[in-house]
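Worksheet for the structure shown next.
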Amino acid sequence: MLKLSDHKQVALLLQKYIFSQAIGEQLSTEDQETLNEWRGRSPENEALFQSLTDRKQLRADLNEMAYIQSRVGRRWDQLSPLLTDERTIRMNRPYVGLSLSAAACVIGALLIWFLWPQAKSLTAKVAPVHVGHTIGELIYSDGRRVELDSVGVGSVLSEEGTVIKKIDSSTLQYLGGSAGISHTIHTPNGGKYTVILPDGSSVCLNAGSTLKYPTEFGAVSREVRLEGEGFFRVAHQVNAPFVVHTDRVNIEDLATRFDVKSYREDAAEYTTLVSGSIRLLAGEQSQVLQPGEQARSMGSGGFTVTKIDTFATTAWVTGRISFTDQPLSEVMKELCRWYDVTVTYKHKGEIGDPAFGYSTVKSTSALSDVLTHINHMMNLHCSYDEAAKAIVVDR
Amino acid sequence: MQTNDVILDEVTVLLQGVNRNDKKSFEAYFDLKAQTITTYLKGLLNGNLHEAEEITNDVFCRLWNMPGKTFSTLESVEHWLIQIATTRVNYHQLQNKKARNSEQYFVDAMGERVVENLTLSQERALLKALRSEAMKRALDDLPRQQNMVVNLYLDGYSVPEISRMTSLNQQTIRNYKNQAKDNLKKLLGDLGSIMIITALLLNFWR
Chain A
6 MLKLSDHKQV ALLLQKYIFS QAIGEQLSTE DQETLNEWRG RSPENEALFQ SLTDRKQLRA
66 DLNEMAYIQS RVGRRWDQLS PLLTDERTIR MNRPYVGLSL SAAACVIGAL LIWFLWPQAK
126 SLTAKVAPVH VGHTIGELIY SDGRRVELDS VGVGSVLSEE GTVIKKIDSS TLQYLGGSAG
186 ISHTIHTPNG GKYTVILPDG SSVCLNAGST LKYPTEFGAV SREVRLEGEG FFRVAHQVNA
246 PFVVHTDRVN IEDLATRFDV KSYREDAAEY TTLVSGSIRL LAGEQSQVLQ PGEQARSMGS
306 GGFTVTKIDT FATTAWVTGR ISFTDQPLSE VMKELCRWYD VTVTYKHKGE IGDPAFGYST
366 VKSTSALSDV LTHINHMMNL HCSYDEAAKA IVVDR
Chain B
1222 MQTNDVILDE VTVLLQGVNR NDKKSFEAYF DLKAQTITTY LKGLLNGNLH EAEEITNDVF
1282 CRLWNMPGKT FSTLESVEHW LIQIATTRVN YHQLQNKKAR NSEQYFVDAM GERVVENLTL
1342 SQERALLKAL RSEAMKRALD DLPRQQNMVV NLYLDGYSVP EISRMTSLNQ QTIRNYKNQA
1402 KDNLKKLLGD LGSIMIITAL LLNFWR
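Sequence lines, in order, name chains A and B.
Residues in the first sequence are numbered from 6 upward in steps of one, following the working numbering.
Residues in the second sequence are numbered from 1222 upward in steps of one, following the working numbering.
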């Protein structure tokens, strides 16, 4: 008989019970008696036992933890720049944040004071269009389509030995796959979805994107095809490099995090490396990227590599749209994808294609608020035509 | 024995890396523990994942900024993270109650007294997070087919149902289940320590 006062042994016993329960086993009589004795000691012990061992709760908690784990890489990307030898950075940060917030409030108040009549007239024209977050569809190998919004969290989907689970409102996880079976996940404009692939790598798809992948990777290579934009977090496998194919380039890596933006309607493709190392191949051309670099590819014309703020480029992953010196036309393209609308220009010749400067917008913002912000920033008159589902840009 | 030596060595390397602020070791440790701390915090913050992630990052930031770290075990690092995370939540909740005298709040937070004992609800949230971590790590360590079968079994599917989903025959599924059982038993020794950390931290078995 175990001594109940021995914390270590009770902990082990409790853990043993949870493991046994997971595989439908029973504890030995002696262990069970000891556990029962401990449970009977106080109502708190019994309540704790129930909350720790309830199978449904355990299942839900495991799903939640898998979802949280799928976001850990992104959290590290946010934390990493703050970890420097300067020990005071984080300590001062709340004050910096307060100062910035205070400054933003003052500027915002002044803007509203001076521009209120204009803002009021503009916002009155536009409907409260919001970005969709969890829209996506899964396409099976035989072409069947599943609207993922209609699948409950915790539900399991399967096709010929491939088993997929929806672990969160916007995340699918592959539990098992089948050789030769490929799946496709597609996000329409306004959508965003994350898929955890059979090897543990995860891909967050931005609006208007499609990812095709085998449900079971081979032993020596892992290859997927992307159209649109995806943020990749690749699980390390020494002998099986992860390759992303797009229309213009192939991207090879071992264990890293990177963003690929490859929309067919865009003139160029962008690959941004957050951490690790990747190699880009386009025809005979090859380019190795270092963290913090972005490669712009026009196809056969090789690559242009620049240092960029990766945090801004990948802000969409955590629900923000960020623009840094982008031309107005690019900004409008992004908004069209995010809000699932089109754009028309009046007096385009006079407006030209000015650069937008730096701005970041929360994905929860209504389109009307974003347009008001653009109007203030660029001295334009953008409005939303609800009947045509279109942004109208005017001078 | 040799395997144990290798594991021990990796743990030592990780611990030394955390102590001397080696960025790669720190990232590896963050990858290992951030999910547990976040899950624990989410439990304390009524399911607010965003706040839980923010505080998790803040706590790891403070670990990095701690001068002259001399942690002797990874468990003691975890112990410290849990204490600081709990302290942060206490102040976070205090802040929500108070009128927003932000400057005073941050002065408090910087000079805060570290929590020594957890409340009952904090203990429970922590235990649940540690239980999930132990289980998830055990499942992640299983070969994929066994992992899939145990996952589906936990979801409440029967062997015939799992057979239909996976296109595997029922005997194969039973074999996977048995193999998983053996593997989980082997893992129990290592992963039981996760709960032991809690046992040493808390006095929940009254």
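Backbone N, C-alpha and C fix where the C-beta goes; we use that ideal spot for every residue, glycine too.
Computed from a predicted model, the values in this text were never measured in an experiment.
Self-check item: Beta carbon proximity, Lys1244 of chain B to chain A, threshold 8 Å
Solution: Translated into positions along the second sequence, residue 1244 of chain B becomes position 23. For Lys1244 of chain B, the nearest beta carbon of chain A is closer than 8 Å to its own beta carbon.
Quiz item: Taking Thr1233 of chain B as the reference, which of B:Ser1293, B:Ser1353, B:Leu1373 and B:Asn1269 has the closest Cα?
Solution: In the second sequence, counting from the first residue as 1, residue 1233 of chain B sits at position 12. Nearest C-alpha to Thr1233 of chain B: B:Ser1293.
Quiz item: Under a CB-based cut-off of 8 Å, is Ser1388 of chain B close to chain A?
Solution: As a working note, residue 1388 of chain B is residue 167 in the second sequence. Closer than 8 Å: yes.
Practice problem: Give, in chain order, every unbroken run of the alpha helix (DSSP H) that is at least 4 residues long and sits entirely within the stretch 305 to 337 of chain A. | Solution: Within the stretch 305 to 337 of chain A, the complete alpha helix (DSSP H) runs of at least 4 residues are 315 to 318.
Quiz prompt | Unbroken alpha helix (DSSP H) run spanning His378 of chain A, endpoints | solution = In the first sequence, residue 378 of chain A corresponds to position 373, counting from 1. For His378 of chain A, the uninterrupted alpha helix (DSSP H) segment begins and ends at Leu372 to Met383.
Quiz item: Does the count of Cβ pairs from the stretch 200 to 212 of chain A and the stretch 1348 to 1360 of chain B closer than 8 Å reach three?
Solution: Two segments are said to touch when three or more pairs of C-beta atoms, one from each, lie closer than 8 Å; by this definition the stretch 200 to 212 of chain A does not touch the stretch 1348 to 1360 of chain B.
Practice problem: Check Lys1263 of chain B in the structure and name its three-state DSSP category. | Solution: Taking the second sequence and counting its residues from 1, one reaches residue 1263 of chain B at position 42. Helix at Lys1263 of chain B.
Self-check item: Distance between beta carbons of Ile313 of chain A and Leu285 of chain A, contact taken as under 8 Å
Solution: Here the question's residue 285 of chain A lines up with position 280 in the first sequence. Here the question's residue 313 of chain A lines up with position 308 in the first sequence. Rounded, the Cβ-Cβ distance is 15 Å, inconsistent with contact.
Quiz item: Alpha carbon to alpha carbon, how far is Gly196 of chain A from Ile140 of chain A?
Solution: Locating residue 196 of chain A in the first sequence gives position 191, where the first residue counts as 1. Locating residue 140 of chain A in the first sequence gives position 135, where the first residue counts as 1. Cα to Cα, Gly196 of chain A sits roughly 5 Å from Ile140 of chain A.
Self-check item: Three-state secondary structure assigned by DSSP to Gln26 of chain A
Solution: Position 21 of the first sequence holds residue 26 of chain A. When secondary structure is reduced to three states using DSSP, Gln26 of chain A falls in the helix class.
Quiz item: Does DSSP put Phe1292 of chain B in a helix, a strand or coil?
Solution: Within the second sequence, residue 1292 of chain B is the residue found at index 71, counting from 1. DSSP places Phe1292 of chain B in the coil class of the three-state scheme, outside both helix and strand.
Exercise. For the beta strand (DSSP E) containing Gly181 of chain A, list its first residue and its last residue.
Key: Position 176 of the first sequence, counted from the start, is the residue given in the question as residue 181 of chain A. Note, Gly181 of chain A: beta strand (DSSP E), Thr176 to Gly181.
Quiz item: In this structure, what does DSSP give as the bridge partners for Tyr389 of chain A?
Solution: Translated into positions along the first sequence, residue 389 of chain A becomes position 384. Paired residue(s): A:Ile396.
Quiz prompt | Where Thr1340 of chain B falls: helix, strand or coil (DSSP) | solution = In the second sequence, counting from the first residue as 1, residue 1340 of chain B sits at position 119. If DSSP states are grouped into helix, strand and coil, Thr1340 of chain B belongs with coil.
Quiz prompt | Beta-carbon proximity list for Ser187 of chain A, same chain, < 8 Å, skipping 5 on both sides | solution = Here residue 187 of chain A refers to the residue found at position 182 when the first sequence is read from its first residue. Excluding sequence neighbours, Ser187 of chain A sits near Ser146, Lys217, Tyr218, Pro219 and Thr220.
Quiz item: What are the partner residues of Thr89 of chain A, as DSSP defines its beta bridges?
Solution: Along the first sequence, one-based indexing puts residue 89 of chain A at 84. In the DSSP assignment, Thr89 of chain A forms no beta bridge with any residue.
Quiz item: How would you call Val243 of chain A, buried or exposed, if buried means at least 16 neighbouring beta carbons within 10 angstroms?
Solution: Against the first sequence, residue 243 of chain A aligns to sequence position 238. Under this definition Val243 of chain A is an exposed residue.
Self-check item: Enclosing alpha helix (DSSP H) for Gln295 of chain A [first to last residue]
Solution: Here the question's residue 295 of chain A lines up with position 290 in the first sequence. Premise fails: Gln295 of chain A is in no alpha helix (DSSP H) and is neither H nor E.
Self-check item: Interface residues of the stretch 63 to 86 of chain A facing chain B [CB-CB below 8 Å]
Solution: Cβ contacts with chain B come from Leu63, Arg64, Asp66, Leu67, Glu69, Met70, Ala71, Ile73, Gln74, Arg76, Val77, Gly78, Arg80, Trp81, Gln83, Leu84 and Ser85.
Practice problem: Anything in chain A within Cβ reach of Glu1352 of chain B, meaning under 7 Å, just list it in chain order. | Solution: Residue 1352 of chain B sits at position 131 when you count from the first residue of the second sequence. In the sequence under discussion, the amino acid at residue 1352 of chain B is Arg, which differs from the Glu named in the question. Chain A residues near Arg1352 of chain B: Ile23 and Leu57.
Self-check item: Option nearest Trp81 of chain A by Cα separation, candidates A:Arg262, A:Ser56, A:Tyr344 and A:Leu17
Solution: Along the first sequence, read from residue 1 onward, the residue named residue 81 of chain A stands at position 76. Nearest option by C-alpha distance: A:Arg262.
Quiz item: For Asp59 of chain A, does the three-state DSSP call read helix, strand or coil?
Solution: Counted from its first residue, the first sequence places residue 59 of chain A at position 54. It is coil, neither helix nor strand.
Exercise. Compare the C-beta of Gly157 of chain A with all C-beta atoms of chain B and state if any pair is closer than 8 Å.
Key: Counting from 1 along the first sequence, the entry for residue 157 of chain A is found at position 152. No, because no Cβ of chain B sits closer than 8 Å to the Cβ of Gly157 of chain A.
Exercise. Over the uninterrupted beta strand (DSSP E) stretch that includes His1271 of chain B, give me the two end residues.
Key: Walking along the second sequence from the start, residue 1271 of chain B turns up at place 50. Run containing His1271 of chain B: none in the beta strand (DSSP E); it sits in the alpha helix (DSSP H), Leu1270 to Asn1286.
Self-check item: Test item: CB-CB of Pro203 of chain A and Phe222 of chain A under 8 Å
Solution: Position 198 of the first sequence holds residue 203 of chain A. Position 217 of the first sequence holds residue 222 of chain A. Result yes, Cβ atoms of Pro203 of chain A and Phe222 of chain A sit closer than 8 Å.
Quiz prompt | Coarse secondary structure for Thr39 of chain A, derived from DSSP in three states | solution = Locating residue 39 of chain A in the first sequence gives position 34, where the first residue counts as 1. Helix at Thr39 of chain A.
Quiz item: In chain order, which continuous runs of the beta strand (DSSP E) of length 3 or greater are located wholly inside the stretch 201 to 238 of chain A?
Solution: Runs found: 207 to 210, 214 to 219 and 227 to 238.
Quiz item: For Ala107 of chain A, is the classification buried or exposed, using 16 other Cβ atoms within 10 angstroms of its Cβ as the cut-off for buried?
Solution: Counting from one through the first sequence, the residue named residue 107 of chain A turns up at place 102. Because the pLDDT of Ala107 of chain A is 38, which lies under 50, any placement of that residue in the model is unreliable, and the question is left without a value.
Self-check item: Cβ neighbours of Val1239 of chain B in the same chain (closer than 8 Å, five flanking residues each side left out)
Solution: Locating residue 1239 of chain B in the second sequence gives position 18, where the first residue counts as 1. Taken in chain order, the residues that qualify are Ser1246, Phe1247, Tyr1250, Leu1284, Lys1290, Phe1292, Leu1295 and Val1298.
Practice problem: Using a Cβ-Cβ cut-off of less than 8 Å, give me the residues of the stretch 1366 to 1381 of chain B that come near chain A, in sequence order. | Solution: Those would be Gln1366, Asn1368, Met1369, Val1371, Asn1372, Leu1373, Tyr1374, Leu1375, Asp1376, Gly1377 and Tyr1378, in chain order.
Exercise. Mind checking which residues open and close the alpha helix (DSSP H) that includes Thr404 of chain A?
Key: With chain A represented from 6 up to 400, any question about residue 404 of chain A goes unanswered, as that position is not in the structure.
Quiz item: Rounded to a whole number of angstroms, what is the C-alpha to C-alpha distance between Ala1401 of chain B and Arg238 of chain A?
Solution: Within the second sequence, numbered from 1, the residue matching residue 1401 of chain B stands at position 180. Within the first sequence, numbered from 1, the residue matching residue 238 of chain A stands at position 233. Put simply, the backbone Cα of Ala1401 of chain B is about 28 Å away from that of Arg238 of chain A.
Quiz prompt | Pro296 of chain A to Leu340 of chain A span [Cα, whole Å] | solution = The sequence position of residue 296 of chain A within the first sequence is 291, counting from 1. The sequence position of residue 340 of chain A within the first sequence is 335, counting from 1. Their Cα atoms are separated by approximately 27 Å.
Self-check item: Euclidean distance between Cα positions of Glu164 of chain A and Asn1404 of chain B
Solution: Start at 1 with the first residue of the first sequence, and residue 164 of chain A comes out as number 159. Start at 1 with the first residue of the second sequence, and residue 1404 of chain B comes out as number 183. Whole-angstrom Cα-Cα distance: 28 Å.
Quiz item: Checking contacts by CB at 8 Å: is Leu202 of chain A closer than that to chain B?
Solution: Mapped onto the first sequence, residue 202 of chain A falls at position 197. No, no contact with chain B.
Self-check item: Span of the alpha helix (DSSP H), counted from its first residue to its last, around Leu1373 of chain B
Solution: Within the second sequence, residue 1373 of chain B is the residue found at index 152, counting from 1. Here the alpha helix (DSSP H) through Leu1373 of chain B covers Arg1365 to Leu1375.
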